[in-house]
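Numbering (the numbering used here), first residue to last: 286 to 1084.
Let me begin by presenting the structure, written as structure tokens, before commenting on it.
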């Protein structure tokens, strides 16, 4: 079973501590866990104690797993162990308002703050809040640090004065001073440093050695050695004694190391708090209230009371409360906090607005559409939060190294002790102890573990404020490597808002008949071309006809019975499949295609009835985006279901050399696989439902934020504004983040590679240099803080 407080596995047959609550027996690994449970059982009782209950495992069929998890790699053995230790998973989320997780091991989930059972790091809120929440871990560590500092300073002063003891500078004996050191160091080590020993013990029992394993062994050994030397000095052999016969104690080293590690924890927790600043700044965009317009009256109501369909007034300078549509008024809206674009966007009746953006000088009345968790802002926050907890493939290198690193360091420390104890100068064993402790302290792998997740967290947040939503760390890492970009035409290269510009009818039908029949059929379709035809009929105030037996043929068109007559609407292939001869329209169709229009054939009762030409304007930003990507070494490939003539016309305007036209949705994935088989790293950009399989097939799927939800679900990257220029930003962010991660990993590897042998004393035979455990502790603290500081530089990069 599982201890509901700390997550450790417990055998009920041998467990010494247990409590019953609501008819369920809970077992605990230690008395401290039982006391915490008994003090507030409701906070822990939401966790089932039974390991065998699969319903509480993350990823079980009865739970909704995070979206990002669907494309992550299978868990490593360490992750599997973590899921065994902490099997509660996402089911806790439904029972607790505050969910805590480990930045290095996101599979660890808790309902209260504490320490990760795998790495010992302080857990942090899974979802950041707009307010600057008090961090209980930071408050506790700060309190312990200041107490430790107050006691360590006089302890250090005593040690400095001890150097003048022979001159009689102190009014008491060396033995008395040792007892004073004991009294000062004990609270520092035993109370201030208690969390480190607690986490060290948890790491041993969970068979997951980490930085606290080394700290606990190093500090504990120094303190225990000094305690025995003070209480029963006669128990030590002569090899431990100095020339005057005394046994050296290391209370000041144990206390200073504890204080420095506490300082490192305080600095690290403060710096880690800044990594979620991007999410907090997004959360602060949402206003606290909205102005409801109802029955001629206007009332300010809390934001959480807004319902879809409500009419809301947005006054000049106010934040738009929720997602919706402008129904009255004209204004310019600053959307830079969502899209990264500094120029305000003009909004007129019918335009969509996003909650959290800032209204300009005009006043508007909008109709609420998406509220609460459904707003774009809320979705961005959730997406970034999930992405920040994902693991990049490069993290596996650090994971593999860390899994062997701590045991290797313990062996090196033991070897250091033996070598110094056998061939070192007198007092040999004292030197052996000091150097072994220095090895344990300086080798803490915290910097190695923090190198990747800190950079990923900051990089994801920076992207979110620039209109780039990256779904997981794997997509972030792969983006910098792409050399081929496959793009859909409609809605990606073009506006995605096509207009009906040409209608050709054949006797006995008129142009009005062609539009009416086509629009009546297209009312059941969600294709962008359907919208153009339906909109044209609505503008002409046409009456729609009754449609029966509607059927959609992906990549070809639609058919059905319109006003009792069989109608077929689509491309030439659909008419050919229906044994309908459309040769009479071929010349007209080719002329329209050469003009960049998409042609749609209409047949009624098995005979050609008309031809419709729809054009979709190229986005004004597309030429610049294509040129920027080409200059960066990315080849552009256009894939479209349109005819080859139309596709070539659009490609010619944009300078795209590789074109695949008349492609069915299922064939888009095959084209991507072909480029992948040739060794290319392929990204796919699209916005439609039919793009979803191809987006999933590509190494990185890039969805337009203006497209369908299904496309965004299938993509690793979403461009909030649907602007292809943002792909260049995303690649720039990927390059900078990965460079930052490599810098961190290099620093951590070099630090440990150089630090461990120096601490072991390899320089002593040549230069007489030894590394004090105190200096080792300071260096260890500096390494962790410097890694986080380097990651925080990503907040300032220009994209």
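From the three backbone atoms N, C-alpha and C, an ideal C-beta is built for every residue, glycine too.
Do you know how far the Cα of residue 744 is from the Cα of residue 756?
Translated into the one-based positions of the chain shown, residue 756 becomes position 471. Translated into the one-based positions of the chain shown, residue 744 becomes position 459. Residue 756 and residue 744: Cα-Cα distance of roughly 12 Å.
Kindly confirm or deny that the segment 758-765 and the segment 855-874 touch, where touching means at least three C-beta pairs closer than 8 Å.
These segments do not touch.
Can you give me the Cβ contacts of residue 800 inside the same chain, cut-off strictly under 8 Å, excluding the 5 residues immediately before and after it?
Sequence index remark: in the chain shown, residue 800 carries index 515 (1-based). Hits under 8 Å: 785, 788, 818, 821, 822, 825, 827, 897.
Between residue 847 and residue 877, is the Cβ-Cβ spacing less than 8 Å?
Here residue 847 refers to the residue found at position 562 when the chain shown is read from its first residue. Here residue 877 refers to the residue found at position 592 when the chain shown is read from its first residue. Result no, Cβ atoms of residue 847 and residue 877 do not sit closer than 8 Å.
State buried or exposed for residue 705, treating a residue as buried only when at least 16 other CB atoms are found within 10 Å of its CB.
Translated into positions along the chain shown, residue 705 becomes position 420. Its Cβ being crowded by 16 or more others within 10 Å, residue 705 is buried.
Of the residues 480, 718, 286, which one's Cα is nearest the Cα of residue 428?
Counting from one through the chain shown, the residue named residue 428 turns up at place 143. Residue 428 has its Cα closest to that of 480, out of 480, 718, 286.
Do residue 640 and residue 989 have their beta-carbon atoms positioned less than 8 Å apart in this structure?
Along the chain shown, one-based indexing puts residue 989 at 704. Along the chain shown, one-based indexing puts residue 640 at 355. No, Cβ-Cβ distance for residue 989 and residue 640 is not below 8 Å.
Closest to residue 1004 by CA distance: which of 838, 754, 1063, 572 is it?
Start at 1 with the first residue of the chain shown, and residue 1004 comes out as number 719. Of the listed residues, the one whose Cα sits closest to residue 1004 is 754.
Are the beta-carbon atoms belonging to residue 488 and residue 405 less than 8 Å from one another?
Taking the chain shown and counting its residues from 1, one reaches residue 488 at position 203. Taking the chain shown and counting its residues from 1, one reaches residue 405 at position 120. Cβ atoms of residue 488 and residue 405: closer than 8 Å.
Assuming contact is defined by CB atoms lying nearer than 8 Å, are residue 1033 and residue 728 in contact in what I supplied?
Position 748 of the chain shown, counting from 1, holds the residue named residue 1033. Position 443 of the chain shown, counting from 1, holds the residue named residue 728. In this structure, residue 728 does not lie closer than 8 Å to residue 1033 by Cβ.
How long is the line joining the alpha carbons of residue 1082 and residue 749, rounded to whole angstroms?
The count along the chain shown starts at 1 and reaches residue 1082 at position 797. The count along the chain shown starts at 1 and reaches residue 749 at position 464. Going from the Cα of residue 1082 to the Cα of residue 749 covers about 13 Å.
Are residue 841 and residue 859 touching if we call contact CB-CB under 8 Å?
Locating residue 841 in the chain shown gives position 556, counting from the first residue. Locating residue 859 in the chain shown gives position 574, counting from the first residue. The answer is yes: Cβ separation under 8 Å.
Output needed for residue 534: all residues of its chain with C-beta closer than 7 Å, excluding positions within five of it in sequence on either side, in chain order.
Within the chain shown, numbered from 1, the residue matching residue 534 stands at position 249. Same-chain partners within the cutoff: 463, 466, 511, 514, 515.
Return the chain-ordered list of same chain residues with a C-beta closer than 7 Å to the C-beta of residue 291, the five sequence neighbours on each side being excluded.
Reading the chain shown from its first residue, position 6 is the one you call residue 291. Closer than 7 Å at Cβ, skipping near neighbours: 314, 318, 402, 487.
With residue 302 as the anchor, note down where its alpha helix (DSSP H) starts and where it stops.
Locating residue 302 in the chain shown gives position 17, where the first residue counts as 1. Not the alpha helix (DSSP H): residue 302 falls in the beta strand (DSSP E), residues 302-306.
In the structure shown, what three-state DSSP assignment does residue 385 receive?
Translated into the one-based positions of the chain shown, residue 385 becomes position 100. Residue 385 falls in the strand class under three-state DSSP.
Nearest-angstrom Cα distance between residue 379 and residue 396?
The residue you call residue 379 lines up with position 94 of the chain shown. The residue you call residue 396 lines up with position 111 of the chain shown. Residue placement at residue 379 is flagged as unreliable, the pLDDT there being 38, under the threshold of 50; the coordinate-derived value follows with that caveat. Whole-angstrom Cα-Cα distance: 11 Å.
Is the distance from the Cβ of residue 791 to the Cβ of residue 893 below 8 Å?
Position 506 of the chain shown, counting from 1, holds the residue named residue 791. Position 608 of the chain shown, counting from 1, holds the residue named residue 893. Cβ distance < 8 Å, so residue 791 and residue 893 count as in contact.
My output table needs one value for residue 944: the three-state DSSP class, helix, strand or coil.
Numbered from 1 along the chain shown, position 659 holds the residue referred to as residue 944. Reduced to three states, the DSSP call for residue 944 is strand.
Going along the chain, which residues of its own chain have a beta-carbon closer than 7 Å to the beta-carbon of residue 443, five neighbours each way excluded?
On the chain shown, residue 443 is found 158 positions in, with the first residue counted as 1. Correct list, in chain order: 462, 465, 466.
Could you check the C-alpha separation between residue 720 and residue 698 for me, to the nearest Å?
By one-based count along the chain shown, residue 720 stands at place 435. By one-based count along the chain shown, residue 698 stands at place 413. Using only the alpha carbons, I get a separation of about 8 Å.
Please classify residue 891 as buried or exposed, where buried requires at least 16 other C-beta atoms within 10 Å of its C-beta.
Along the chain shown, one-based indexing puts residue 891 at 606. It is exposed - the Cβ of residue 891 has fewer than 16 other Cβ atoms within 10 Å.
From residue 248 to residue 491, what distance separates their C-alpha atoms?
The structure shown has nothing for residue 248, since the chain only spans 286 to 1084.
For a test of the three-state rule: what should DSSP assign to residue 311, helix, strand or coil?
Against the chain shown, residue 311 aligns to sequence position 26. Strand, per DSSP.
Rounded to a whole number of angstroms, what is the C-alpha to C-alpha distance between residue 830 and residue 637?
Taking the first residue of the chain shown as 1, we reach residue 830 at position 545. Taking the first residue of the chain shown as 1, we reach residue 637 at position 352. When rounded, the distance between both Cα atoms is 30 Å.
So the beta strand (DSSP E) residue 827 belongs to, where does it begin and stop?
Position 542 of the chain shown, counted from the first residue, corresponds to residue 827. Neither: residue 827 is in no beta strand (DSSP E) and is coded neither H nor E.
With a CB to CB cut of under 8 Å and the five nearest residues on each side skipped, what residues in its chain are close to residue 1072?
Translated into positions along the chain shown, residue 1072 becomes position 787. Excluding residues within five positions, the ones whose Cβ falls inside 8 Å are 732, 735, 736, 739, 1029, 1032, 1033.
For residue 870 and residue 856, what's the separation of their Cα atoms in angstroms?
Numbered from 1 along the chain shown, position 585 holds the residue referred to as residue 870. Numbered from 1 along the chain shown, position 571 holds the residue referred to as residue 856. Those two C-alpha atoms are separated by around 12 Å.
Along the chain, where does the alpha helix (DSSP H) that runs through residue 880 open and close?
Numbered from 1 along the chain shown, position 595 holds the residue referred to as residue 880. Segment: none, residue 880 is in no alpha helix (DSSP H) and carries neither H nor E.
For residue 421 and residue 439, which I take to be in contact (beta-carbon distance under 8 Å), what is that distance rounded to the nearest angstrom?
Reading the chain shown from its first residue, position 136 is the one you call residue 421. Reading the chain shown from its first residue, position 154 is the one you call residue 439. Going by Cβ atoms, the distance from residue 421 to residue 439 rounds to 29 Å, so no, they are not a contact pair.
Whose C-beta lies closer than 6 Å to the C-beta of residue 338 among residues of the same chain, with five residues either side of it excluded?
The count along the chain shown starts at 1 and reaches residue 338 at position 53. Note that residue 338 scores 34 on pLDDT, short of 50, meaning its location in the model is unreliable; the coordinates nonetheless yield the value given after this. Counting only Cβ-Cβ distances below 6 Å, and skipping sequence neighbours, we find nothing.
Closest by CA to residue 296, which one among 286, 302, 303, 304?
Mapped onto the chain shown, residue 296 falls at position 11. With distances taken between Cα atoms, residue 296 lies closest to 286.
Specify the secondary structure class of residue 707 as computed by DSSP and reduced to three states.
Residue 707 sits at position 422 when you count from the first residue of the chain shown. Looking at residue 707 - three-state DSSP - the assignment turns out to be helix.
Going by alpha carbons, who is nearest to residue 476 out of 433, 316, 496?
For the purposes of this step, residue 476 is identified with residue 191 of the chain shown, where counting begins at 1. Nearest option by C-alpha distance: 433.
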